[in-house]
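**Q** If you scroll down you'll find the structure; I have some questions about it.
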Amino acid sequence: MRFIALDTPKPLSKIGLGTWQFGSREWGYGPDFERQAAQIVRRAVELGVTVFDSAEIYGFGRSERILGAALGDDRPKVVVATKILPVLPVAAVVQQRAVASAARLGVTSIDLYQVHQPNPLVADHTTMRGMRTLQDVGLVGEVGVSNYGLRRWQVAEAALGRRVLSNQVRYSMLDRAPEQDLLPYARQAGRVVIAYSPLAQGFLSGRYDAKNPPTGAVRRANPYFLPENLERGAALIDTVRQVADAHDATPSQIALAYLLRHPNVLAIPGASGVEQMERNAAAADIDLADDEYTALAEAAKRFRPVTGIAAMPAMLRARFGNPTGK
Numbered sequence: 001m002r003f004i005a006l007d008t009p010k011p012l013s014k015i016g017l018g019t020w021q022f023g024s025r026e027w028g029y030g031p032d033f034e035r036q037a038a039q040i041v042r043r044a045v046e047l048g049v050t051v052f053d054s055a056e057i058y059g060f061g062r063s064e065r066i067l068g069a070a071l072g073d074d075r076p077k078v079v080v081a082t083k084i085l086p087v088l089p090v091a092a093v094v095q096q097r098a099v100a101s102a103a104r105l106g107v108t109s110i111d112l113y114q115v116h117q118p119n120p121l122v123a124d125h126t127t128m129r130g131m132r133t134l135q136d137v138g139l140v141g142e143v144g145v146s147n148y149g150l151r152r153w154q155v156a157e158a159a160l161g162r163r164v165l166s167n168q169v170r171y172s173m174l175d176r177a178p179e180q181d182l183l184p185y186a187r188q189a190g191r192v193v194i195a196y197s198p199l200a201q202g203f204l205s206g207r208y209d210a211k212n213p214p215t216g217a218v219r220r221a222n223p224y225f226l227p228e229n230l231e232r233g234a235a236l237i238d239t240v241r242q243v244a245d246a247h248d249a250t251p252s253q254i255a256l257a258y259l260l261r262h263p264n265v266l267a268i269p270g271a272s273g274v275e276q277m278e279r280n281a282a283a284a285d286i287d288l289a290d291d292e293y294t295a296l297a298e299a300a301k302r303f304r305p306v307t308g309i310a311a312m313p314a315m316l317r318a319r320f321g322n323p324t325g326k
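Residue numbers (the UniProt record's numbering): 1 to 326.
In structure tokens form, the structure reads like this:
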């Protein structure tokens, strides 16, 4: 396992484990997944993974409980991260919710406590006042944000009066907006970009195509998995496969290696089983050559999916069915 070269109380592994699927029925993993989740967490610890990310909204607290129980005695050794859903995130509420999350996780201190989304109505100075108090009393180690633009990340840090260590954002070969400003800032300022959905919910795994679309509710709601977009993405997946073959790796591992090439990026893919966790962890050891990275970047730029309003008719047909296609 490789680690981010930053001064943090505990090392930050380049590959972490995202736990949205723990206790969340929308992923469709079935009632026995809690047992599998514990096995995934145990194997991740064995492989040197140190960052485990949850949120109070994941399974309405079940993800935190499952993660905390699975970590057991290893909780003090790893970076336990979670997120507050910022509904009325004033200082007192932030403090109360942190206490509740810590109890579910079974920890005396949350290593990284993040604001899940920017609140358009509540300024960061009141949220960060609560975070600062949590740090002062030792209930929170590092503070992070999620889904913040660069300017608001910097404003939040100014409001905290200390570093806001991380910004957790959607980042993959399909969602490359963080490369424009967040990644350069993280490197210059000694901060971390945590990449969620680093495989674009499995689009980059090569498992799906127009004739073999995903079936789960989460992926069906993602326009990337429209048949037209799966067809448009075939050339990108071919390029990923070519690079994967050169490294005796999987497409997913190459998609992760693309992100991890940046020194201040930490990726938190989920895992539906122990073998997937093992493959994800192994991606941290893949070194892409300059020409391979360039080929991947160029192929990603050429992929132009149908998204936004233009994708709505097809999304509605996919959701409710329309054999005429009209």
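Beta carbons are placed, not taken as given, at the ideal position from N, Cα and C, and that holds for glycine.
I need the DSSP call for V122, collapsed to helix, strand or coil.
**A** Residue state, collapsed to three classes: coil.
**Q** Would you identify the three-state DSSP class for A289, choosing helix, strand or coil?
**A** Three-state result, A289: coil.
**Q** Under the DSSP definition of a beta bridge, which residues are partnered with E142?
**A** Beta-bridge pairing links E142 to L112.
**Q** Any contact between the stretch 284-301 and the stretch 185-202? By contact I mean 3 or more CB pairs, one from each, below 8 Å.
**A** The stretch 284-301 vs the stretch 185-202: no contact.
**Q** For the beta strand (DSSP E) holding R170, just list the boundary residues, first then last.
**A** Segment 164-170, the beta strand (DSSP E) holding R170.
**Q** Ignore the nearest five residues each way along the sequence and tell me which others in N119's own chain have a CB closer than 6 Å to its CB.
**A** Counting only Cβ-Cβ distances below 6 Å, and skipping sequence neighbours, we find P86, P89.
**Q** List the endpoints of the continuous beta strand (DSSP E) containing T50.
**A** Per DSSP, T50 belongs to no beta strand (DSSP E) and is neither H nor E.
**Q** Whose C-alpha, out of G270, V145, P227, G149, is nearest the C-alpha of N212?
**A** When only C-alpha atoms are compared, the closest one is P227.
**Q** Suppose you measure from the CA of E278 to the CA of A44; what does that come to, to the nearest Å?
**A** E278 and A44: Cα-Cα distance of roughly 7 Å.
**Q** Does DSSP put S13 in a helix, in a strand, or in coil?
**A** S13 falls in the strand class under three-state DSSP.
**Q** Work out the CA separation of A297 and D285 for me, nearest whole Å.
**A** About 20 Å.
**Q** Taking the alpha-carbon positions, what's the A159 to P76 distance?
**A** The alpha-carbon atoms of A159 and P76 are separated by roughly 29 Å.
**Q** Any idea what DSSP makes of P303, helix, strand or coil?
**A** Just to set this straight, residue 303 is Phe in the shown sequence, not Pro. F303 falls in the coil class under three-state DSSP.
**Q** DSSP three-state label for A271, please.
**A** In the structure shown, A271 sits in coil (DSSP, three-state: anything other than H, G, I, E or B).
**Q** Closest by CA to W20, which one among F60, P9, L6, P11?
**A** Checked all of F60, P9, L6, P11; the closest Cα to W20 is F60.
**Q** Tell me which residue opens and which closes the beta strand (DSSP E) that A195 is part of.
**A** 192-196 is the extent of the beta strand (DSSP E) around A195.
**Q** Looking at C-beta atoms only, is the number of pairs between the stretch 259-279 and the stretch 175-194 that lie closer than 8 Å three or more?
**A** Counting Cβ pairs under 8 Å, three or more are found: they touch.
**Q** Where do the ends of the beta strand (DSSP E) carrying T82 lie?
**A** Run containing T82: 79-84, per the beta strand (DSSP E) assignment.
**Q** What residues are listed by DSSP as bridge partners for V265?
**A** Per DSSP, V193.
**Q** So G144 and Q114 are in contact, right, with Cβ under 8 Å, and what is the actual spacing, rounded?
**A** Rounded, the Cβ-Cβ distance is 4 Å, consistent with contact.
**Q** My assumption, with CB atoms under 8 Å, is that D1 sits in contact with A186. Please give the rounded CB distance.
**A** The question names Asp, yet the displayed sequence has Met at residue 1. At roughly 20 Å, the Cβ-Cβ gap does not stay under 8 Å, so M1 and A186 are not in contact.
**Q** DSSP three-state label for N212, please.
**A** In the structure shown, N212 sits in a strand (DSSP, three-state: E or B).
**Q** Can you give me the Cβ contacts of F52 inside the same chain, cut-off strictly under 8 Å, excluding the 5 residues immediately before and after it?
**A** Result list for F52: G16, L17, T19, V41, A44, L67, L71, V78, V79, V80, A81, in chain order.
**Q** G68 lies in the alpha helix (DSSP H); which residues open and close that run?
**A** Taken as a continuous stretch (DSSP letters only), the alpha helix (DSSP H) holding G68 covers 62-71.
**Q** Could you say which of S166, Q36, R97, S272 lies nearest to A69 if we only look at CA atoms?
**A** Out of S166, Q36, R97, S272, Q36 has the C-alpha closest to the C-alpha of A69.
**Q** Write down the C-beta distance between F303 and L204 rounded to the nearest angstrom, noting that I regard them as a contact closer than 8 Å.
**A** Not confirmed; about 10 Å, so no contact.
**Q** Please state whether the Cβ-Cβ distance between A283 and M173 is less than 9 Å.
**A** Contact flag unset, no.
**Q** Label V140 either buried or exposed according to how many other C-beta atoms from any shown protein chain fall within 10 Å of its C-beta, with 16 as the threshold for buried.
**A** Buried, by the Cβ-count rule.
**Q** Which residues bound the alpha helix (DSSP H) around E157?
**A** First-last of the alpha helix (DSSP H) with E157: 150-160.
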